[in-house]
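Residue numbers (our numbering), protein chains in the order written: chain A, 11 to 300; chain B, 11 to 300.
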């Protein structure tokens, strides 16, 4: 923390980014103001975003990224009854928050890149602990069996192994990057997060906050297949959804038609939502107002 | 602050109360997920609720209620472009937050009552400063001309007069209580705020968070005429809306019909929304989960 942004300011930007993302409506496939899932509802996302505030603030001052993910995951479920809401988003938010606390906004990207490279074995261990706590679809066992470093999916039983092999959280993200677009951000210098931020800021200049969020989400979805869908179903399904999003962008289908179809088919592009949260955070820190 | 709740916990409960209130949908007449006003939108309320967090937290530790209202009003508009969003709510939230920071939840009401009675001339001066900053419909000039203490509506020019006459913020609320149901809470021992909290908690046991919010709002609106409507239009209009709300409670009209009608007629029961925020805060502090 060196005086560019206060921890309180950055924590509010991060909480607001999570709130604006879930509030973007209609947001095909994911929870929005009009769509709940059976066991997770819109308000669970709102409560989680507010509830984790102290961990977001702490991230500016201290704490490894793995440790912060563990604390945020635990705090989130104290405030709501819908289970895991923001695990993927934390993977992006914590390095970005730390980077924003370290220097001016024009160095945000460089600082984020350095921060993820400096993650440690401890971060990896805590990341896996957090991961097994929330049971997200971060990796399927087959992904990991194919991986010659011998990590297993749950992380349980492999924690000592991580230490022995000197595997850091950055290493885990590098291994996961092939099949996970959130992990890929760590390796790719947060390319798509900053791309989302640019789109959001540019659209906000001429449109409402909601339009900026929804249209950016749609363009992101049309640009690359969502890996959350690929892991839950398969890559064909993810590419199919990407094609539908492109149909909406090119006006062959309405936003509402896509929203209805994905909701009925229970397809949720969860990783694209995580990138959107990162993009909204960067946009807010860069001075965008709601 | 004596260890019952941390400032961070109480600030999160207060921010979440504001977020849950505005998210209750359909909420006849007021901004909700599906209804914006021309110059104020749903997202402005979300951003304001998150933006004032540090002032909510500070309230647990220090600061007179008037001073806190001034700081919260200034901070709110740094985060959104919709103008005044939560002024009325602050009048209730700050004493409740301070009371919750002081002792256990079963003493919340007694402590709140004592806290408002202990407000000072400084609080009154700062309250009027905040009031003139946000230009809310708290008092019309005619209300105040009828008042023999010689306060004027804008507060400007009367600040010295307040000091000379030893008028405290509690005195102002007492004077306003005849025509303002938010001010009346200070005099009435937060009767309706706690009533709202009981209703919300009871409805949450068997229904969704949204149902608990919307149905309680409706019952509150049906129980007493909303004084924000009375001041914007007149008491007849407020009683008319109360009657419509009763029609919905007794199933002679649907919630959606009432919502559409009030929105078209531009009638917003803003004071009932303020009471709801107080009720949601009390419910959250009492252990309700989203």
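Cβ coordinates follow ideal geometry from the N, Cα and C atoms, glycine included.
If you compare alpha carbons, which of B:38, B:247 and B:29 is closest to residue 259 (chain B)? Nearest C-alpha to residue 259 (chain B): B:38.
Listed from N- to C-terminal order along the chain, which residues in the region 207 to 225 of chain A have their beta-carbon within a distance smaller than 8 Å of any beta-carbon of chain B? For the region 207 to 225 of chain A, which is checked against every Cβ of chain B, the residues closer than 8 Å are 218, 219 and 220.
Kindly indicate if chain B contains any beta-carbon less than 9 Å away from that of residue 64 (chain A). Residue 64 (chain A) counts as touching chain B.
Excluding the five sequence neighbours on either side, which residues of its own chain have a C-beta within less than 6 Å of the C-beta of residue 298 (chain A), listed in chain order? Cβ neighbours of residue 298 (chain A) beyond the five flanking positions: 211 and 214.
Could you compute how far the alpha carbon of residue 67 (chain A) sits from the alpha carbon of residue 44 (chain B)? The straight-line gap from Cα to Cα measures roughly 31 Å.
Between the alpha carbons of residue 83 (chain A) and residue 95 (chain A), how many angstroms are there, rounded? Approximately 9 Å, taken between the alpha carbons.
With distances taken between CB atoms, is the gap from residue 70 (chain A) to residue 120 (chain A) smaller than 9 Å? Not closer than 9 Å, so no.
Which same chain residues end up closer than 7 Å to residue 144 (chain B) when comparing Cβ atoms and leaving out the 5 residues on each side of it in sequence? Spatial neighbours of residue 144 (chain B) in its own chain (CB-CB distance under 7 Å, excluding positions within 5 residues in sequence) are listed in chain order as 83, 94 and 97.
Spatial neighbours of residue 239 (chain A) in its chain, beta-carbon cut-off 7 Å, leaving aside the 5 residues before and after: Around residue 239 (chain A): 247, 248, 251, 277 and 279.
How is residue 116 (chain A) classed by DSSP in three states: helix, strand or coil? In this structure, DSSP gives residue 116 (chain A) a helical state, which the three-state scheme calls helix.
Among the residues of its own chain, which have a CB less than 7 Å from the CB of residue 166 (chain B), if the five just before and after it don't count? With a pLDDT of 48 at residue 166 (chain B), under the threshold of 50, the modelled position of that residue is not reliable, and the figure given next carries that caveat. Excluding residues within five positions, the ones whose Cβ falls inside 7 Å are 142.
Comparing C-alpha positions only, which one of B:286, B:128 and B:294 sits nearest to residue 99 (chain B)? When each option's Cα is compared against that of residue 99 (chain B), the closest is B:286.
Would you report the Cα separation of residue 50 (chain A) and residue 139 (chain B), rounded to the nearest angstrom? One C-alpha to the other measures close to 43 Å.
Assuming residue 230 (chain B) contacts residue 206 (chain B) (C-beta within less than 8 Å), just tell me the rounded distance between them. Confirmed, Cβ separation roughly 6 Å.
Residue 177 (chain A) versus residue 289 (chain A): straight-line alpha-carbon distance, rounded: Straight-line spacing of the CA atoms in residue 177 (chain A) and residue 289 (chain A) works out to 28 Å.
Spatial neighbours of residue 47 (chain B) within its chain, please: CB distance less than 7 Å, with the 5 preceding and 5 following residues excluded, ordered by chain position. Here the set comprises 41.
Could you tell me which residues DSSP puts in a beta bridge with residue 5 (chain A)? Residue 5 (chain A) cannot be examined here, being either before or after the span of chain A that is shown, 11 to 300.
N-terminal and C-terminal residue of the alpha helix (DSSP H) that residue 239 (chain B) is part of: It spans 237 to 242 - the alpha helix (DSSP H) in which residue 239 (chain B) sits, taken as one unbroken run.
Looking at residue 76 (chain B): is its Cβ nearer than 9 Å to the Cβ of residue 133 (chain B)? Cβ atoms of residue 76 (chain B) and residue 133 (chain B): closer than 9 Å.
Can you list the residues of chain A that residue 29 (chain B) reaches, using a CB-CB cut of under 9 Å? Within chain A, the residues near residue 29 (chain B) are 29, 53, 56, 57, 59 and 60.
Candidates B:14, B:34 and B:28: which alpha carbon is nearest residue 222 (chain B)'s? Selected option, being the one with the closest Cα: B:34.
Please list the residues of the region 93 to 114 of chain A that have a C-beta atom closer than 9 Å to any C-beta atom in chain B, keeping them in chain order. Cβ contacts with chain B: none found.
Spatial neighbours of residue 187 (chain B) within its chain, please: C-beta separation below 6 Å, excluding the five flanking residues on both sides. Same-chain partners within the cutoff: 193, 194 and 197.
Boundaries of the alpha helix (DSSP H) in which residue 132 (chain B) is found, first to last residue: For residue 132 (chain B), the uninterrupted alpha helix (DSSP H) segment begins and ends at 131 to 144.
Nearest chain A C-beta to residue 300 (chain B) closer than 9 Å, yes or no? Cβ-Cβ to chain A under 9 Å: yes for residue 300 (chain B).
What does the Cβ neighbour count give for residue 185 (chain A), buried or exposed, with the cut at 16 atoms within 10 Å? Classification of residue 185 (chain A): buried, given that the 10 Å Cβ count is 16 or more.
Cβ of residue 252 (chain A) less than 9 Å from any chain B Cβ? Closer than 9 Å to the CB of residue 252 (chain A) there is not a single CB belonging to chain B.
With burial defined as no fewer than 16 other Cβ atoms inside 10 Å of the residue's Cβ, what is the status of residue 275 (chain B): buried or exposed? So residue 275 (chain B) counts as exposed.
With a threshold of 16 other CB atoms inside 10 Å of the CB of residue 245 (chain A), please say whether the residue is buried or exposed. When all chains shown are included, residue 245 (chain A) counts as exposed.
My understanding is that residue 242 (chain B) touches residue 189 (chain B), with C-beta atoms under 8 Å, so please give their C-beta distance in whole angstroms. Under the criterion of beta carbons closer than 8 Å, residue 242 (chain B) and residue 189 (chain B) do not qualify as touching, at roughly 12 Å.
Please report the Cβ distance between residue 36 (chain A) and residue 269 (chain A), rounded to the nearest whole angstrom; I am assuming they are in contact, meaning their Cβ atoms lie under 8 Å. Contact holds; Cβ gap of about 4 Å.
For residue 221 (chain A), report the span of its alpha helix (DSSP H) as first-last. Here the alpha helix (DSSP H) through residue 221 (chain A) covers 219 to 233.
In chain order, each beta strand (DSSP E) run of at least 3 residues that lies wholly inside the region 38 to 113 of chain A: Complete beta strand (DSSP E) runs here, min 3: none at all.
Output yes if chain B places a C-beta closer than 9 Å to the C-beta of residue 270 (chain A); else output no. For residue 270 (chain A), no Cβ of chain B is located within less than 9 Å of the residue's own Cβ.
List the residues of chain A that residue 43 (chain B) touches, going by C-beta distances under 7 Å, in chain order. Per Cβ cutoff of 7 Å: 43.
Just how far apart, CA to CA, sit residue 236 (chain B) and residue 203 (chain B)? Rounded to the nearest angstrom, the two C-alpha atoms are 14 Å apart.
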